[in-house]
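Okay, structure first, notes after.
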């Protein structure tokens, strides 16, 4: 925080300075005051996905996942290939606890998994979303994928075996569980 104050004194009213001071205040525990600055920062650069992302992240981390959805959705629209933003959006969707948002989270996270198939966080969140939808086999398969990504092969195989028992035989998910079972 002192470093930021030295580099960006309060007299510096540039966007970069206000952005840096907002992040520093947020990290120092000033979440509510930092959050109050975000709309003005976003208004100055409405096509900057990272400002929308930060706004959404603050809302999510302050326990307001429903309010985080609009800025995170906008960040994803502005930066569709930024996987980390899409993952955070999926996490906020799950945080709302509604079935419609669980479905949307699955779509967002599956899209993220295409570019980062071994990302543990993606598979862990997918497992949570599927669990919220009551899709036990899919949730267990996603947990197996997360274990495989962590290189915990015995755990991954155990979860894949369980997933196959929960999934309909011959479906792509059932076959994927078989692939995990045969992973060396």
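Numbering (the working numbering), first residue to last: 450 to 633. Note that CB positions come from ideal geometry on N, CA and C, so glycine has one too. Source: prediction; values computed, not measured.
{"Check": "Per-residue burial, residue 526 [other beta carbons within 10 Å of its own, 16 or more giving buried]", "Outcome": "exposed"}
{"Check": "Cβ-based neighbour list, residue 599, same chain, cut-off 6 Å, excluding 5 preceding and 5 following", "Outcome": "569"}
{"Check": "Check whether residue 540 and residue 574 have beta carbons under 8 Å apart", "Outcome": "yes"}
{"Check": "Where residue 508 falls: helix, strand or coil (DSSP)", "Outcome": "helix"}
{"Check": "Neighbourhood of residue 632 by C-beta distance below 8 Å, restricted to the same chain and skipping five residues each side", "Outcome": "597, 602, 605 and 606"}
{"Check": "Beta-carbon proximity of residue 588 to residue 609, cut-off 8 Å", "Outcome": "no"}
{"Check": "Residue 460 versus residue 561 - alpha carbon distance", "Outcome": "41 Å"}
{"Check": "Inter-residue Cα distance where the pair is residue 453 and residue 473", "Outcome": "7 Å"}
{"Check": "Identity of the residue in 494, 576, 488 and 521 nearest residue 552 by Cα", "Outcome": "576"}
{"Check": "Alpha-carbon to alpha-carbon, residue 579 and residue 630", "Outcome": "21 Å"}
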